[in-house]
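Below is one structure, written out as structure tokens; comments come after it.
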Amino acid sequence: MSIELLKIHGDRVVSSLQEARDKLDAAESEVALDFSSVRRRVRCGR
Numbered sequence: 088m089s090i091e092l093l094k095i096h097g098d099r100v101v102s103s104l105q106e107a108r109d110k111l112d113a114a115e116s117e118v119a120l121d122f123s124s125v126r127r128r129v130r131c132g133r
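Per this note's numbering, residue 88 is the first one in the sequence shown, and the count goes up by one each step.
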């Protein structure tokens, strides 16, 4: 088993995840995503 940590900048989230998916498709591997450090936008009011 090998582990690769990817740090993704906020302005490249979509393209970075697509790149990771393409690499996994080629390697026929599994992936676990950890979004625990992602800042979330809090909406006040309605």
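We put the beta carbon where it would ideally sit given N, CA and C, even for glycine. Keep in mind that this is a model prediction, so the values were computed, not measured.
Tell me whether residue i sits in a helix, a strand or coil according to DSSP, three-state version.
{"i": "Leu111", "result": "helix"}
{"i": "Arg127", "result": "coil"}
{"i": "Glu106", "result": "helix"}
{"i": "Asp121", "result": "coil"}
{"i": "Gly132", "result": "coil"}
Hey, how far is the Cα of residue i from the Cα of residue j?
{"i": "Gly131", "j": "Ala113", "result": "Position check: residue 131 holds Cys in this sequence, whereas Gly was assumed. Going by the C-alpha atoms only, they are around 43 Å apart."}
{"i": "Lys110", "j": "Arg126", "result": "26 Å"}
{"i": "Ser102", "j": "Asp121", "result": "17 Å"}
{"i": "Gly97", "j": "Ser124", "result": "12 Å"}
Identify, in the order they occur along the chain, each residue of the same chain with its Cβ nearer than 6 Å to the Cβ of residue i, setting aside the five sequence neighbours on each side.
{"i": "Val118", "result": "Leu111"}
Who are the near neighbours of residue i in its chain, counting only those whose CB is closer than 7 Å to its CB and skipping five residues on each side?
{"i": "Gln105", "result": "none"}
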